[in-house]
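Position in the sequence shown (from 1) plus 2 gives the number in this note's numbering.
For glycine and all other residues, C-beta sits at the position ideal for the given N, C-alpha and C.
Right, one structure below, let's go through it.
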Amino acid sequence: MEYIICDLKKDYGFSLDDVIKYSRRVGRPICSICGVIKRYVMNKIALDLGVDAIATGHNLDDLAQFIFSALFGGRADELRKLTLYTPSESGFVARIKPLGMLSGYEITLYADIEGIEYVKVTCPYAPTSGFRVAIARVLDELEKEHPGFKRYFVSNIIRNIIPRITPSTEEMKRCKYCGMPTSTDVCAFCRLRKIVVGDVN
Ligand SMILES: [Zn+2]
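Here is the structure:
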């Protein structure tokens, strides 16, 4: 497959480092801002290429943390998307998580045995304390005491809870700047870009 690199600065006029200066005005934590950017850019490229689905590298640890956090916050709509397969809907390309039932440890172990190179550094913006970090720690402790906990937790929620969540009836519109699907007049990416670059055209 062709390897495509998106240069945010070149293609959209700002980098994640630029966003940091405005994070207070954006009103979102940096991981959430990065998520908005990644989802937007990946969906845009996938639409341009006309592919069937976007495969992301989320693993079992990521899913267990996201699901726990969405359950805690009662964010049913977010929880609905935390499956291994999210079908394409209203301008969003389908998403698959082929590594979703494998732990980070299993994946790195396999890569090490097979001699597959991967990036070993963690994100410089990744938080070292706070709620998300505490959730990860608690889940790791449960896994240590009850091996297989994360796999049961994630598969039980995906199999038995998520199918019972009614999809949101929120009407999808098109962003007035970029034409991408959004529930508001301006999509989250263009709102962000407007704050950082001051112009979206
Ligand atoms: Zn937009």
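message: Could you compute how far the alpha carbon of S105 sits from the alpha carbon of Y179?
response: As a working mapping, residue 105 is identified with position 103 in the sequence shown. As a working mapping, residue 179 is identified with position 177 in the sequence shown. Near 39 Å, if we compare the C-alpha coordinates of Y179 and S105.
field: Residue nearest to L84 in terms of C-alpha spacing, selected from G75, Y127, K99
entry: Translated into positions along the sequence shown, residue 84 becomes position 82. Per the Cα distances, K99.
K175 - DSSP class collapsed to helix/strand/coil: Position 173 of the sequence shown, counted from the start, is the residue given in the question as residue 175. In this structure, K175 counts as strand in the three-state DSSP scheme.
query: Can we count C8 as close to ligand 1, meaning its CB is less than 6 Å from some heavy atom?
result: Numbered from 1 along the sequence shown, position 6 holds the residue referred to as residue 8. The answer is no for C8.
- request: Report yes if the CB atom of Y120 is closer than 7 Å to the CB atom of A113, and no otherwise.
  value: As a working mapping, residue 120 is identified with position 118 in the sequence shown. As a working mapping, residue 113 is identified with position 111 in the sequence shown. Closer than 7 Å, so yes.
message: Quick check on P165: does DSSP put it in helix, strand or coil?
response: Within the sequence shown, the letter at position 163 stands for residue 165. Helix at P165.
task: Verify the contact flag: M182, CB atom, against every heavy atom of ligand 1, threshold strictly below 6 Å.
output: Taking the sequence shown and counting its residues from 1, one reaches residue 182 at position 180. Proximity of the beta carbon of M182 to ligand 1 is indicated: a heavy atom of the ligand is located closer than 6 Å.
query: What alpha helix (DSSP H) runs, 4 residues minimum, are completely inside the segment 88-154?
result: 106-116, 133-147
query: What does a CB cutoff of less than 8 Å around I35 pick up in its chain, not counting 5 residues either side in sequence?
result: Within the sequence shown, the letter at position 33 stands for residue 35. Closer than 8 Å at the Cβ level, and outside the excluded window around I35, lie L18, V21, S25, V28, L194.
task: Check whether the Cβ atoms of N61 and I109 lie closer than 7 Å to each other.
output: The sequence position of residue 61 within the sequence shown is 59, counting from 1. The sequence position of residue 109 within the sequence shown is 107, counting from 1. Yes, they are a contact pair.
field: Residues that A55 bridges to, as DSSP identifies them
entry: As a position in the sequence shown, residue 55 is number 53, starting the count at 1. Residue pairing by DSSP puts A55 in a beta bridge opposite A96.
Nearest neighbour of A72, chosen from G93, V188, I167, Y154 [CA to CA]: Along the sequence shown, one-based indexing puts residue 72 at 70. Cα-wise, what sits closest to A72 is I167.
field: Identified DSSP bridge partners for T184
entry: For the purposes of this step, residue 184 is taken as the residue at position 182 of the sequence shown. In DSSP, T184 forms a bridge with K175.
query: Taking the alpha-carbon positions, what's the T184 to I115 distance?
result: For the purposes of this step, residue 184 is taken as residue 182 along the sequence shown, with counting starting at 1. For the purposes of this step, residue 115 is taken as residue 113 along the sequence shown, with counting starting at 1. Distance between the alpha carbons of T184 and I115 is about 43 Å.
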